[in-house]
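A.B. asks:
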Amino acid sequence: MRLIRGGAPILTRLAQIENHPRMADKKEMVVDVDAAAGKLPDGVIDLNALTADAQNGCRVFVHYNGPTDQLSGMCTGMAVLDPGASPHPPHRHPEEEFLIVADGTGEIECDGKTTQVGPGSIMYCAGNVLHGIVNTGKVPLTFYWSKWMARGF
-12 MRLIRGGAPI
-2 LTRLAQIENH
8 PRMADKKEMV
18 VDVDAAAGKL
28 PDGVIDLNAL
38 TADAQNGCRV
48 FVHYNGPTDQ
58 LSGMCTGMAV
68 LDPGASPHPP
78 HRHPEEEFLI
88 VADGTGEIEC
98 DGKTTQVGPG
108 SIMYCAGNVL
118 HGIVNTGKVP
128 LTFYWSKWMA
138 RGF
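Quick note on this note's numbering: the sequence shown kicks off at -12 and runs consecutively.
1) For P28, which of V18, L37, Y51, G124 has the nearest alpha-carbon?
2) Excluding five sequence neighbours on each side, which residues of the same chain lie with their C-beta closer than 6 angstroms to the C-beta of L86?
3) If you run the structure through DSSP and keep just helix, strand and coil, what is N52?
4) What did DSSP end up calling L86 once you bin it into helix, strand or coil?
5) Tell me the DSSP secondary structure of Q42 in three-state form.
6) Let's see if you can read the secondary structure: which residues bound the beta strand (DSSP E) around I32?
7) Need the endpoints of the beta strand (DSSP E) that H78 sits in, please.
8) Within the continuous beta strand (DSSP E) that includes A137, where are the two ends?
9) In or out: G64 buried (at least 16 other Cβ within 10 Å) or exposed?
10) Express the C-alpha separation of E82 and G99 in angstroms, rounding to a whole number.
11) Taking a contact to mean a Cβ-Cβ separation below 7 angstroms, would you say P142 touches V121 in this structure?
12) Assuming Q103 is part of the beta strand (DSSP E), what are its boundary residues?
13) Suppose the cutoff is 8 angstroms on Cβ atoms and the five residues either side in sequence are ignored; what does the same chain contact list for P127 look like?
14) Whose C-alpha, out of Q42, V49, N43, G139, is nearest the C-alpha of V31?
15) What's the gap between the Cα of N43 and the Cα of M16?
Encoded structure:
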């Protein structure tokens, strides 16, 4: 499975989830930070210029993924979850992350606490903190994420 950003493919990690009830018989959609890519360009990437990776009620758009002047890698984008959908079960990764809910309602699990969320809710989690999101509402849930690794990690 590939996500496209500015014509360059970005690989996503897909795996069968068998022991998580929310993801039985589904694949997870996790975008890894690509520290090996070229330095991110300055500018603006419009949503209409991107191709979504769509699977199991989840559409993922990657706007930027690669190193910057100050970070060994950062990744940011948008996801749209259909009612009942989740991009993956709660997981952890070494990057710090912000997740911003733009539309819809759902639940975010972060560090063992589940919180009801809606437009304007923002999650922060440090590296290796367990976290996840699911749409519990009746309309699509749109969120933006940004995760990064400092130089030297």
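The C-beta atom is built at its ideal place from N, Cα and C for all residues, glycine as well.
C.D. replies: The answer reads as follows:
1) On the sequence shown, position 41 is the one that residue 28 refers to. The shortest C-alpha separation from P28 is found at Y51.
2) Here residue 86 refers to the residue found at position 99 of the sequence shown. For L86, where only same-chain residues beyond five positions count, the Cβ hits under 6 angstroms are M110, F130, W132.
3) On the sequence shown, residue 52 is found 65 positions in, with the first residue counted as 1. The answer is strand: DSSP assigns N52 an E or B state.
4) For the purposes of this step, residue 86 is taken as the residue at position 99 of the sequence shown. In the structure shown, L86 sits in a strand (DSSP, three-state: E or B).
5) Your numbering for residue 42 matches position 55 in the sequence shown. It is a strand residue.
6) Numbered from its first residue, the sequence shown carries residue 32 at position 45. Run containing I32: none; DSSP gives neither H nor E here.
7) What you label residue 78 is simply residue 91 of the sequence shown in a count that begins at 1. First-last for H78: undefined, no H or E at that position.
8) Taking the first residue of the sequence shown as 1, we reach residue 137 at position 150. Looking at the DSSP string, the run of the beta strand (DSSP E) that includes A137 is 128 to 137.
9) Residue mapping note: residue 64 aligns to position 77 of the sequence shown, counting from 1. It counts as buried.
10) Here residue 99 is taken as the residue at index 112 of the sequence shown, counted from 1. Here residue 82 is taken as the residue at index 95 of the sequence shown, counted from 1. Taking the straight line from one Cα to the other gives about 18 angstroms.
11) Here the chain comprises residues numbered -12 to 140, so residue 142 is not present and cannot be evaluated.
12) Reading the sequence shown from its first residue, position 116 is the one you call residue 103. Per DSSP, Q103 belongs to the beta strand (DSSP E) from 100 to 104.
13) Numbered from its first residue, the sequence shown carries residue 127 at position 140. Contacts found: V67, L68, D69, P70, D90, G91.
14) The sequence position of residue 31 within the sequence shown is 44, counting from 1. Nearest option by C-alpha distance: V49.
15) Within the sequence shown, the letter at position 56 stands for residue 43. Within the sequence shown, the letter at position 29 stands for residue 16. Near 9 angstroms, if we compare the C-alpha coordinates of M16 and N43.
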